[in-house]
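A.B. asks:
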Amino acid sequence: MTGMTRISHRVGGIAPSATLVVDATAKALRAAGRDVIGFGAGEPDFPTPDHVVAAAEKACSDPRMHRYTPAAGLPELREAVADKTRRDSGLDVPAGQVLITNGGKQAVYIAFATLLDPGDEVLLPAPYWTTYPESIRLAGGIPVNVVTSPEQGYRVTVEQLEAARTPRTKVLLFCSPSNPTGAVHSPEEVRAIGRWAAEAGLWVIADEIYEHLVYGDARFASLPVEVPEIADRCLVVNGVAKTYAMTGWRVGWLIGPADAVKAATNLQSHAASNVSNVAQAAALAAVSGPLDAVAQMRVAFDRRRQTMHRMLSDTPGVVCPLPEGAFYCYPSMLGVIGRTIRGRTPATSAELATLILEEAGVAIVPGEAFGTPGYSRLSYALGDEDLATGVQRMSDLLAEAD
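Taking our numbering, the leading residue of the sequence shown gets 24, the next gets one more, and so forth.
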């Protein structure tokens, strides 16, 4: 046993979720009496709709929900997710090609685990959600960052993807609307990327969790709908968290070709047996019901994104594209990094985020977590007053940069 590590290299090398760390830090400081405004968490600040909560309460008294249920999910929920997907994105799949998971995050992990062998490469447009590269590495894959810029609206191009492709490339991760940037690819861009992936023989994992959170003239487009020829090599991941303000309920799903969904279900049968039945009952009520709640949230988020974008754009040294979807702004902080603020000279966006937290009581997530140092993510899924106060505090602090 000499020389063996206590923790496996595979798990010991995992970086903690930076967004959850920032959110937990902000909450801990508030609990200790500090006046801290947090822009870290990616969750709606609205309650779960009443009819969804009522469905969960009813399920608690149903003896069937007290027992194991099929690993792939309650049959009625799988059917409802198939119906909801057909209604919302136009993707027509049978219930047998739906796997219910413990949140969208587990769907992402299972998707990579199902497709990747050691050494397989995944094209990962950056900035990316912090969980993607860790899930890829856990599956033995190699994330290949394809870095986009504010000047291109953080939207990856076919030319960039082709330049990054190698004989080991197996998967493209595609997320639109994007976390962390709020970028939304146009239907034309989605079609171009999907056709390129199909011609290259790649798999695509399409994260559609923010499908209903688009603003202005932007329009969500589902890649396997726009490019039907990729459907047999495409896994779609989604969930109830963002659309129905259900981040804590932990219900997501994976949709794909029958052989991939069968393999993913086998994995889940050993990893988690089945998703909580009470949460599945709540999700059934959510996806079967109206979209009134997300429509109301979208109005509030639209107002907040414009407020945050305007205030960040007025901050010296900060450059912030207007997000078209999700609920994040992703500004460049390069014009502030390396300048002295209150006797401190942050050399990275991580050091700048620490300074902003300590000096202004504002928690943001540094760009290192998303593959692009020098940037930061701010969620506008918080109350209007806190949003304006927090951004103003940060702006006043950054205005002192010398």
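All residues carry an ideal CB built from backbone N, CA and C; glycine is no exception.
Report yes if the C-beta distance between residue 130 and residue 260 is below 8 Å; otherwise report no.
C.D. replies: For the purposes of this step, residue 130 is taken as the residue at position 107 of the sequence shown. For the purposes of this step, residue 260 is taken as the residue at position 237 of the sequence shown. A contact, by the Cβ cut-off of 8 Å.
A.B. asks: Quick one: any contact between the stretch 222-241 and the stretch 413-423, if contact means 3 or more CB pairs under 8 Å?
C.D. replies: No, they do not touch.
A.B. asks: Taking a contact to mean a Cβ-Cβ separation below 8 Å, would you say residue 234 touches residue 325 in this structure?
C.D. replies: Position 211 of the sequence shown, counted from the first residue, corresponds to residue 234. Position 302 of the sequence shown, counted from the first residue, corresponds to residue 325. Taking 8 Å as the Cβ cut-off, residue 234 and residue 325 do not qualify as a contacting pair.
A.B. asks: When DSSP builds the beta bridges, which residues end up paired with residue 259?
C.D. replies: Residue numbering aside, residue 259 sits at position 236 when the sequence shown is read from its first letter. Paired residue(s): 229 and 278.
A.B. asks: For the stretch 366-377 against the stretch 76-87, are there 3 or more C-beta pairs whose distance is under 8 Å?
C.D. replies: No: fewer than three Cβ pairs fall under 8 Å.
A.B. asks: With residue 165 as the anchor, note down where its beta strand (DSSP E) starts and where it stops.
C.D. replies: In the sequence shown, residue 165 corresponds to position 142, counting from 1. Here the beta strand (DSSP E) through residue 165 covers 165-170.
A.B. asks: Run through DSSP, which three-state label would residue 45 get?
C.D. replies: For this step, residue 45 is matched to residue 22 along the sequence shown. The answer is helix: DSSP assigns residue 45 an H, G or I state.
A.B. asks: Determine the burial state of residue 82: buried for a count of at least 16 other Cβ atoms within 10 Å of its Cβ, exposed for fewer.
C.D. replies: Locating residue 82 in the sequence shown gives position 59, where the first residue counts as 1. It is buried - the Cβ of residue 82 has at least 16 other Cβ atoms within 10 Å.
A.B. asks: Excluding five sequence neighbours on each side, which residues of the same chain lie with their C-beta closer than 8 Å to the C-beta of residue 120?
C.D. replies: Against the sequence shown, residue 120 aligns to sequence position 97. 105, 278, 279, 280, 281 and 284, listed in sequence order.
A.B. asks: What whole-angstrom Cβ distance do residue 94 and residue 300 have, given they're in contact under 8 Å?
C.D. replies: Position 71 of the sequence shown, counted from the first residue, corresponds to residue 94. Position 277 of the sequence shown, counted from the first residue, corresponds to residue 300. 12 Å between Cβ atoms; not a contact.
A.B. asks: Please classify residue 51: is it buried, with 16 or more other beta-carbons within 10 angstroms of its beta-carbon, or exposed?
C.D. replies: On the sequence shown, residue 51 is found 28 positions in, with the first residue counted as 1. Classification for residue 51: exposed.
A.B. asks: Taking DSSP as the reference, what is the three-state secondary structure of residue 124?
C.D. replies: Position 101 of the sequence shown, counted from the start, is the residue given in the question as residue 124. Reduced to three states, the DSSP call for residue 124 is strand.
A.B. asks: Should the stretch 249-266 be regarded as contacting the stretch 329-348, the criterion being three or more beta carbon pairs within less than 8 Å?
C.D. replies: No: the two stretches stay apart, fewer than three of their Cβ pairs being nearer than 8 Å.
A.B. asks: Could you name each continuous alpha helix (DSSP H) segment of 4 residues or more that falls completely within the stretch 29-99, going from the start of the chain to the end?
C.D. replies: The stretch 29-99 contains these whole alpha helix (DSSP H) runs: 32-35, 41-54 and 73-83.
A.B. asks: In chain order, what residues of the same chain have a beta carbon less than 7 Å from the beta carbon of residue 189, not counting five sequence neighbours either side?
C.D. replies: Here residue 189 is taken as the residue at index 166 of the sequence shown, counted from 1. Within the same chain, residue 189 has close Cβ partners 144.
A.B. asks: State the Cα-Cα distance for the pair residue 181 and residue 28, rounded to the nearest angstrom.
C.D. replies: Counted from its first residue, the sequence shown places residue 181 at position 158. Counted from its first residue, the sequence shown places residue 28 at position 5. So the two alpha carbons sit approximately 42 Å from each other.
A.B. asks: With a floor of 3 residues, list each beta strand (DSSP E) that falls wholly inside the stretch 369-405, ordered by position along the chain.
C.D. replies: DSSP runs (the beta strand (DSSP E)) wholly in the stretch 369-405: 399-402.
A.B. asks: Name the residue from 306, 32, 396 and 317 whose alpha carbon lies nearest to the alpha carbon of residue 354.
C.D. replies: As a position in the sequence shown, residue 354 is number 331, starting the count at 1. Nearest option by C-alpha distance: 396.
A.B. asks: Starting from residue 223, trace the alpha helix (DSSP H) in both directions and tell me its first and last residue.
C.D. replies: To locate residue 223, count along the sequence shown from 1; it is residue 200. Per DSSP, residue 223 belongs to the alpha helix (DSSP H) from 210-223.
A.B. asks: With DSSP as the reference, label residue 243 as helix, strand or coil.
C.D. replies: If you number the sequence shown from 1, residue 243 lands on position 220. Here residue 243 sits in coil by DSSP.
A.B. asks: Taking 8 Å as the threshold, find out whether the stretch 154-170 comes into contact with the stretch 202-209 through three or more Cβ pairs.
C.D. replies: Counting Cβ pairs under 8 Å, fewer than three are found: no touch.
A.B. asks: On the three-state DSSP scale, how would you describe residue 144?
C.D. replies: In the sequence shown, counting from the first residue as 1, residue 144 sits at position 121. Residue state, collapsed to three classes: strand.
A.B. asks: According to the neighbour-count rule (16 or more other Cβ atoms, all chains shown, within 10 Å of its Cβ), is residue 185 buried or exposed?
C.D. replies: Looking up residue 185 in the sequence shown gives position 162. Exposed, since its Cβ has fewer than 16 Cβ neighbours within 10 Å.
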